[in-house]
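Just so you know, the sequences run in chain order A and B. Residues in the first sequence are numbered consecutively from 64, following the numbering used here. Residues in the second sequence are numbered consecutively from 64, following the numbering used here. By construction, the Cβ of each residue, glycine as well, lies at the ideal position given by its N, Cα and C atoms. Predicted model, so just to flag it, every value in this text is computed and none were measured. Single-structure report; data block below.
Protein chains: 2
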Amino acid sequence: MTSTTSARPPGRPRSGVNAAVFAATLSTVEELGYARATVDRIAAAAGIAKSTVYRRWPSKGELIVDCLLDAFGPAPLTGSSRAELMTSTIRWVAAKIGEPGVGDAFAGVFSDAVSDPALREILSTRLQDPYRLALQEALDEPENRVLFFIDVVVGVLLHRMGMTGEPMVEADVDALVDMVLPHFTDGRGKM
Amino acid sequence: MTSTTSARPPGRPRSGVNAAVFAATLSTVEELGYARATVDRIAAAAGIAKSTVYRRWPSKGELIVDCLLDAFGPAPLTGSSRAELMTSTIRWVAAKIGEPGVGDAFAGVFSDAVSDPALREILSTRLQDPYRLALQEALDEPENRVLFFIDVVVGVLLHRMGMTGEPMVEADVDALVDMVLPHFTDGRGKM
DNA sequence: TCTTTTCGCTACCTTGGGTATCGATACCTG
DNA sequence: CAGGTATCGATACCCAAGGTAGCGAAAAGA
């Protein structure tokens with residue numbers, strides 16, 4: 064039992080600085096914006112060397128994706144009805160994107176992905192797919208409908224963030240809920 | 064009449080290559096993606112020197128904004144009812160973003176603006192405001208509602224473009240119309 | 001022909017993502 | 001305690017791309 068599997072690889076173990084790097088990433092992005100939050104600066108803020116960052120993440124984009132995964136965490140799919148479930152999901156995404164640095168980092172890596180197919184694939188697979196699958200399960204909707212739901216919620220919040228530099232105010236999040244819910248609940252025989 | 068105003072400045076006149084630059088920008092962005100569509104390559108595709116580009120536009124971002132303004136043109140605010148007007152607007156934006164290079168360029172400059180407040184101001188003032196004002200007039204809605212409308216339509220279309228690399232298919236544009244229209248027409252005493 | 005302005009060209013600066021190297025260090029095993 | 005192994009920090013480096021500067025050539029009008 065201790066030999067075939069990894070009983071722990073030899074050599075100096077990795078120091079547990081991932082959490083510090085994630086925190087440094089968000090605070091640096093919040094302070095300087097996405098483009099000026101260079102890997103050098105993030106590493107300095109985390110108190111490590113740039114080479115250590117590139118030993119753990121192959122690119123800045125993947126670092127950001129991992130950082131966002133850490134920031135979002137698992138989706139709290141709460142609510143007994145479809146309407147409650149969708150409402151809480153929308154508010155949860157809005158709140159997360161409103162957290163310091165998260166919205167900027169999200170919009171930044173999203174835009175990098177536009178001209179980087181490899182990063183787009185990672186963004187889609189590692190970040191979007193888990194939530195999409197969980198929502199498909201919880202809402203009992205086909206893939207294309209859930210993808211449309213994600214396009215709407217994330218797209219609107221990111222557009223507002225990108226255009227104004229500020230997260231969407233609560234009144235507009237309310238409007239978003241009011242707009243989305245009827246489309247996904249009315250006249251479809253699902254409650 | 065010929066003296067006080069500009070009777071034409073002396074010196075060599077500017078060659079009329081703006082249209083060629085816009086066309087070269089879109090085709091280069093379509094071929095290589097936003098980030099790899101460098102100013103050097105765009106200039107080469109237009110048959111001019113990079114320095115000529117920077118003589119006319121102070122930055123790549125402003126070049127793209129001008130290019131998008133040229134590509135979109137004035138909004139065709141057609142339709143006799145509010146519903147028709149909003150429908151045609153949504154379909155017009157979707158069609159434009161689906162044109163070769165336009166969606167990529169839009170998403171690219173949008174993401175650049177995330178970490179560049181100056182570019183964000185230009186994007187908001189030069190590109191968004193004209194259409195926002197025209198829509199406020201045509202729809203007789205307050206500014207915040209029109210801004211929300213723009214966030215929804217553009218945000219969704221750009222998110223789909225950024226996540227998949229392809230413009231939104233017609234069936235989903237239909238769903239977008241179906242979702243947006245009731246929110247802006249039902250129970251509000253406006254037709 | 002002279003003046004003025006834009007042109008293409010080239011060389012250059014700076015920033016930032018990403019790589020390579022190297023001595024130092026931390027951990028486990030014998 | 002000695003040896004092996006893998007990570008660490010530091011530094012130097014490569015390359016692409018946005019943007020600038022300077023120059024002689026070309027296109028107009030006067």
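Have a look at residue i and residue j and give me their C-alpha separation to the nearest angstrom.
{"i": "L221 of chain A", "j": "T115 of chain B", "result": "34 Å"}
{"i": "I153 of chain A", "j": "P230 of chain A", "result": "14 Å"}
{"i": "S212 of chain A", "j": "W155 of chain A", "result": "Sequence inspection shows Phe at residue 212 of chain A; the Ser mentioned does not correspond to that position. Approximately 14 Å, taken between the alpha carbons."}
{"i": "G74 of chain B", "j": "P121 of chain B", "result": "22 Å"}
{"i": "E184 of chain A", "j": "R77 of chain B", "result": "44 Å"}
{"i": "E200 of chain B", "j": "D237 of chain B", "result": "25 Å"}
{"i": "R223 of chain A", "j": "P72 of chain B", "result": "43 Å"}
{"i": "A112 of chain B", "j": "F135 of chain B", "result": "26 Å"}
{"i": "L148 of chain A", "j": "V209 of chain A", "result": "13 Å"}
{"i": "S144 of chain A", "j": "F247 of chain A", "result": "12 Å"}
{"i": "G110 of chain B", "j": "R99 of chain A", "result": "33 Å"}
{"i": "P17 of chain B", "j": "A181 of chain A", "result": "Outside the displayed range of chain B (64 to 254) lies residue 17 of chain B, so it cannot be described from this structure."}
{"i": "A157 of chain A", "j": "R104 of chain A", "result": "28 Å"}
{"i": "G252 of chain B", "j": "M226 of chain B", "result": "Interpretation of G252 of chain B is limited by its pLDDT of 44, a score under 50 that renders its predicted location unreliable; the figure taken from the coordinates is listed afterwards. Answer to the nearest angstrom: the Cα atoms are 37 Å apart."}
{"i": "Y117 of chain B", "j": "V102 of chain B", "result": "9 Å"}
{"i": "G79 of chain A", "j": "G228 of chain B", "result": "36 Å"}
{"i": "V216 of chain A", "j": "D249 of chain A", "result": "18 Å"}
{"i": "N81 of chain A", "j": "N81 of chain B", "result": "49 Å"}
{"i": "R119 of chain B", "j": "F85 of chain B", "result": "12 Å"}
By alpha-carbon positions, which one of the options ends up nearest to residue i?
{"i": "L202 of chain B", "options": "B:A100, B:G142, B:D179 and B:R71", "result": "B:G142"}
{"i": "G96 of chain A", "options": "B:A176, B:E93 and B:L140", "result": "B:A176"}
{"i": "A83 of chain B", "options": "B:A157, B:A107 and B:E94", "result": "B:A107"}
{"i": "I160 of chain A", "options": "A:N207, A:P180, A:D133 and A:L140", "result": "A:D133"}
{"i": "M242 of chain A", "options": "B:D214, B:Y117 and B:A157", "result": "B:D214"}
{"i": "N207 of chain A", "options": "B:L198, B:D235, B:L196 and B:P180", "result": "B:D235"}
{"i": "L197 of chain A", "options": "A:G228, A:M226, A:L140 and A:D249", "result": "It is Ala, not Leu, that sits at residue 197 of chain A in the sequence shown. Taking only the C-alpha atoms, the option nearest A197 of chain A is A:L140."}
Do residue i and residue j have their C-beta atoms closer together than 7 Å?
{"i": "S174 of chain A", "j": "S174 of chain B", "result": "yes"}
{"i": "N194 of chain A", "j": "A138 of chain A", "result": "The residue asked about is misnamed: residue 194 of chain A is Tyr in this sequence, not Asn. Closer than 7 Å, so yes."}
{"i": "V240 of chain B", "j": "T150 of chain B", "result": "yes"}
{"i": "V172 of chain A", "j": "G124 of chain A", "result": "yes"}
{"i": "E93 of chain A", "j": "P163 of chain A", "result": "yes"}
Let's see if you can read the secondary structure: which residues bound the alpha helix (DSSP H) around residue i?
{"i": "T188 of chain A", "result": "Segment: none, T188 of chain A is in no alpha helix (DSSP H) and carries neither H nor E."}
{"i": "T50 of chain A", "result": "In this structure chain A extends from 64 to 254, so residue 50 of chain A is not present and cannot be described."}
{"i": "R257 of chain B", "result": "Since the displayed chain B opens at 64 and closes at 254, residue 257 of chain B lies outside it and no answer follows."}
{"i": "T227 of chain A", "result": "E206 to T227"}
{"i": "D237 of chain B", "result": "E233 to T248"}
{"i": "L140 of chain B", "result": "It is not in any alpha helix (DSSP H) - L140 of chain B carries neither H nor E in the DSSP assignment."}
{"i": "A107 of chain B", "result": "V102 to A109"}
{"i": "D179 of chain A", "result": "Here D179 of chain A belongs to no alpha helix (DSSP H), and DSSP marks it neither H nor E."}
For the ligand SAM, any of its heavy atoms closer than 6 Å to the Cβ of residue i?
{"i": "L239 of chain B", "result": "Looking for the ligand SAM in the displayed structure turns up nothing, as the structure carries no ligands at all."}
Would you call the stretch 163 to 172 of chain B and the stretch 87 to 98 of chain B touching, i.e. three or more CB-CB distances under 8 Å?
yes
Stretch-stretch touch, CB-based, cutoff 8 Å, three pairs: the stretch 124 to 135 of chain B with the stretch 184 to 192 of chain B
yes
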